[in-house]
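K.L.:
In our numbering, each residue's number is its place in the sequence shown (first place is 1) plus 867.
One structure is given below, represented as C-alpha cells, and several questions about it will come after.
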Amino acid sequence: MSDVIEEKIKNYRTAPFDARFPNTNQTRNCFQNYLDFHRCNKALSDKGQDVAPCDWYQRVYKSICPMSWVRMLLLWLIVWCGHSFIRLSRSIVANYSNKA
C-alpha cells in the first residue's frame with residue numbers, strides 16, 4: 868500500500884505555467900481548462916477518435932480548481948447553456964459521474 872502512495876507522490880505533477888494567465892488569481896485558468904477539456908472531449912468523441920489527449924486538460928483543471936468550483940461549473944453548464952448544448956451537458960454529467 869505504501870509503495871503505491873510513494874509511486875503516486877513520485878509521479879505527481881502540478882499544472883504547468885500558462886502565459887495566458889500570469890497573475891496570482893487562477894480563476895480564469897481554472898475555467899478555461901475546464902471548458903477546454905469538455906470541448907476537446909466533445910470534438911474528439913463526435914469524430915469517433917480517442918479522447919485520451921483531453922486528459923491533460925482534466926489533470927490541469929483538477930489540479931487548479933477547487934472541487935466546489937468544478938461542481939458549480941457543471942451546474943452552470945447544465946442550467947445556462949440551453950437546449951443546443953443538452954447533448955454536451957449529458958456527456959459532461961456522464962463523464963463527471965464516471966470519474967468522480
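For glycine and all other residues, C-beta sits at the position ideal for the given N, C-alpha and C.
(1) With C-beta atoms as the reference, is leucine 911 less than 8 Å away from cysteine 897?
(2) Of the residues Val871, Asp913, Glu874 and Thr881, which one's Cα is nearest the Cα of tryptophan 923?
(3) Can you check which of these residues, Asn890, Thr894, Met939 and Ala919, is closest to phenylalanine 904 by C-alpha distance?
(4) Compute the Euclidean distance between the alpha carbons of valine 871 and asparagine 878, then round it to the nearest angstrom.
(5) Quick check: what's the CA-CA separation for leucine 944 versus cysteine 932?
(6) Assuming valine 927 and asparagine 908 are in contact, meaning their beta carbons sit under 8 Å apart, how far apart are those beta carbons, in whole angstroms?
P.N.:
Concretely, from the data shown:
(1) Counted from its first residue, the sequence shown places residue 911 at position 44. Counted from its first residue, the sequence shown places residue 897 at position 30. Taking 8 Å as the Cβ cut-off, leucine 911 and cysteine 897 do not qualify as a contacting pair.
(2) Walking along the sequence shown from the start, residue 923 turns up at place 56. Looking at the Cα atoms, Thr881 is the closest of the given residues.
(3) By one-based count along the sequence shown, residue 904 stands at place 37. Checked all of Asn890, Thr894, Met939 and Ala919; the closest Cα to phenylalanine 904 is Ala919.
(4) Position 4 of the sequence shown holds residue 871. Position 11 of the sequence shown holds residue 878. About 11 Å.
(5) Within the sequence shown, the letter at position 77 stands for residue 944. Within the sequence shown, the letter at position 65 stands for residue 932. Those two C-alpha atoms are separated by around 16 Å.
(6) As a first step, residue 927 is located in the sequence shown; it is residue number 60 there, counting from the start. As a first step, residue 908 is located in the sequence shown; it is residue number 41 there, counting from the start. Actually they are not in contact, since the Cβ atoms of valine 927 and asparagine 908 sit about 14 Å apart, beyond 8 Å.
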